[in-house]
Amino acid sequence: MNFLGWPLEQHALGERARRRRKATALRMIRRFSEIFVGIEYDLLWENPTINAQAWALADERHVTVCGGLVRHPAITGSGIALMLAHETGHHLGGPPLDPDLRYLTWQGQADYWAAKEGMPSVFGHEARRLTLRGAAEIAALHAEFLDAENQPDISANDRSAIFRAGALGESPPTCLYEAFDRLVELRRAYSNLNAGNTFA
Amino acid sequence: MGGLINTFGTGYLSWFYNHEFEENYAFHQANAASYAGNDVWGVINSLYDNNRQRFPLLPTPDPKVFPNLVARWQYFHTQKILTQANQALLLKAIHDTLGNKKITEILFGVRLGANQTIDSTTTGTAQIINIVVTSPMPTGRDKAGNALPGGPPPIDQ
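Sequences listed follow chains A and B, in order. Counting from 126, one number per residue, gives the positions in the first sequence under my numbering. Counting from 15, one number per residue, gives the positions in the second sequence under my numbering.
(1) Against residue 224 of chain A, what residues of chain B qualify as contacts under a CB-to-CB distance less than 8 Å, listed in chain order?
(2) Could you name the residues of the region 119 to 133 of chain B whose beta carbon sits closer than 8 Å to any beta carbon of chain A, in the order they occur along the chain?
(3) Would a check of beta-carbon distances place residue 278 of chain A closer than 8 Å to chain B?
(4) Rounded to a whole number of angstroms, what is the C-alpha to C-alpha distance between residue 123 of chain B and residue 55 of chain B?
(5) Quick check: what's the CA-CA separation for residue 163 of chain A versus residue 130 of chain B?
(6) Step through the CB atoms of chain B and report whether any lies within less than 8 Å of the CB of residue 182 of chain A.
(7) Between A/254, A/227 and A/214, which lies nearest to residue 238 of chain A when the distance is taken from Cα to Cα?
(8) Count the CB pairs spanning the region 142 to 162 of chain A and the region 108 to 123 of chain B that are closer than 8 Å, and state whether there are at least three.
(9) Cutting at 7 Å between CB atoms, please list the residues of its own chain near residue 199 of chain A, excluding the five before and the five after it.
(10) At what residue ranges does the region 179 to 247 of chain A contain a whole run of the alpha helix (DSSP H), taking only runs of 4 or more?
(11) Is residue 56 of chain B close to chain A? Criterion is C-beta to C-beta, closer than 8 Å.
(12) Considering only residues of the same chain and omitting the five flanking positions on each side of residue 228 of chain A, which have a CB-CB separation below 7 Å?
(13) Relative to the C-alpha of residue 93 of chain A, which candidate in A/185, A/284 and A/291 has its C-alpha closest?
(14) Between the beta-carbon of residue 234 of chain A and the beta-carbon of residue 279 of chain A, is there less than 8 Å?
(15) With a threshold of 8 Å between beta-carbons, can residue 167 of chain B be considered close to chain A, or not?
(16) When burial is assigned at 16 or more other CB atoms within 10 Å of the CB, is residue 225 of chain A buried or exposed?
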């Protein structure tokens, strides 16, 4: 439920840079659309939110990218590509599924699928280089999410390790499963608190 | 939540409602008539489960970790950040789903879109209900982290 927390862009780009970023994002979206034909990708260019999202509408599968993410100073074409692969991974990455929305692949697994399957499907032998560069950019984005309510449910370090393992064709690192177990455990623990809730 | 970066506290809300409607679906079916009107917080504030002795729609995050999460959720409805028309659509979507015998669970989420609205679509025996928002709610804090008066309750730090 992003409406309670996601940050908004703080850095205004010049008009030329904005045009370049938009063209890059649209080019990447076109490449992903050609490979993953069952998924509809769209860019909310004017939206300043620094994020992107996979979502479903009945049997349709969608990926929405916000302009605030595309225009972020930490992001280049590599980061945009890896972000699109990650969002695609939410639809195609398999288990473990997101404990909050069980029709989508969980975050860490979407990262692993993005690096191991998604990026090579689109970029072939260029995938490893782009993935490692994009992973560093996504790690830098995490700095924007510093509030407790707003904290990512998986750390930048864990994500970098997962992206790296996928890019190098290795098995998923243990931190992937540890992060997932931690999230489920925290959800469970919080659900047992304040069981007799009132407005007192 | 399907985002590039999923945030922990807000994901909690989605988890809370999805589990409530999974584990206590029969209770909500029996009280489907409560899901009416255009005041979501009013429904959260009034629907009471005598067996469990609780308000089942009132989220219960750890107050030490998320002291303002529920207050911000309340603000989202009572200050009509989610418009009354869309609050009515949300309640109607829940009501209609609860009356559909083919559906056994509701999966709630939020997604970004060009216009604020409510998605309600069926996949298998599940109903996916999404609040579609155009942007995040203000954090209620300035850049230094100080709470801003007059805005929404500040995001937890």
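For glycine and all other residues, C-beta sits at the position ideal for the given N, C-alpha and C.
In this structure, then:
(1) As a first step, residue 224 of chain A is located in the first sequence; it is residue number 99 there, counting from the start. Result: 29.
(2) 121, 123, 124, 125, 126, 127, 128 and 133
(3) Taking the first sequence and counting its residues from 1, the one referred to as residue 278 of chain A is at position 153. Interface residue, yes.
(4) Sequence index remark: in the second sequence, residue 123 of chain B carries index 109 (1-based). Sequence index remark: in the second sequence, residue 55 of chain B carries index 41 (1-based). Roughly 17 Å between the two C-alpha positions.
(5) Indexing the first sequence from 1 puts residue 163 of chain A at position 38. Indexing the second sequence from 1 puts residue 130 of chain B at position 116. Looking at the two C-alpha atoms, the distance is approximately 25 Å.
(6) Locating residue 182 of chain A in the first sequence gives position 57, where the first residue counts as 1. Yes, residue 182 of chain A lies at the interface with chain B (some Cβ there is under 8 Å from its Cβ).
(7) Looking up residue 238 of chain A in the first sequence gives position 113. Ranking A/254, A/227 and A/214 by Cα distance to residue 238 of chain A puts A/214 first.
(8) no
(9) By one-based count along the first sequence, residue 199 of chain A stands at place 74. 262, 265 and 266.
(10) 192 to 195, 202 to 217 and 232 to 238
(11) Taking the second sequence and counting its residues from 1, one reaches residue 56 of chain B at position 42. Not closer than 8 Å to any Cβ of chain A, the Cβ of residue 56 of chain B fails to qualify, so no.
(12) Residue 228 of chain A sits at position 103 when you count from the first residue of the first sequence. Excluding sequence neighbours, residue 228 of chain A sits near 181.
(13) Any question about residue 93 of chain A goes unanswered here, given that chain A covers just 126 to 325.
(14) Indexing the first sequence from 1 puts residue 234 of chain A at position 109. Indexing the first sequence from 1 puts residue 279 of chain A at position 154. In this structure, residue 279 of chain A does not lie closer than 8 Å to residue 234 of chain A by Cβ.
(15) If you number the second sequence from 1, residue 167 of chain B lands on position 153. It does not; no Cβ of chain A falls within 8 Å.
(16) Residue 225 of chain A sits at position 100 when you count from the first residue of the first sequence. Flag for residue 225 of chain A reads buried.
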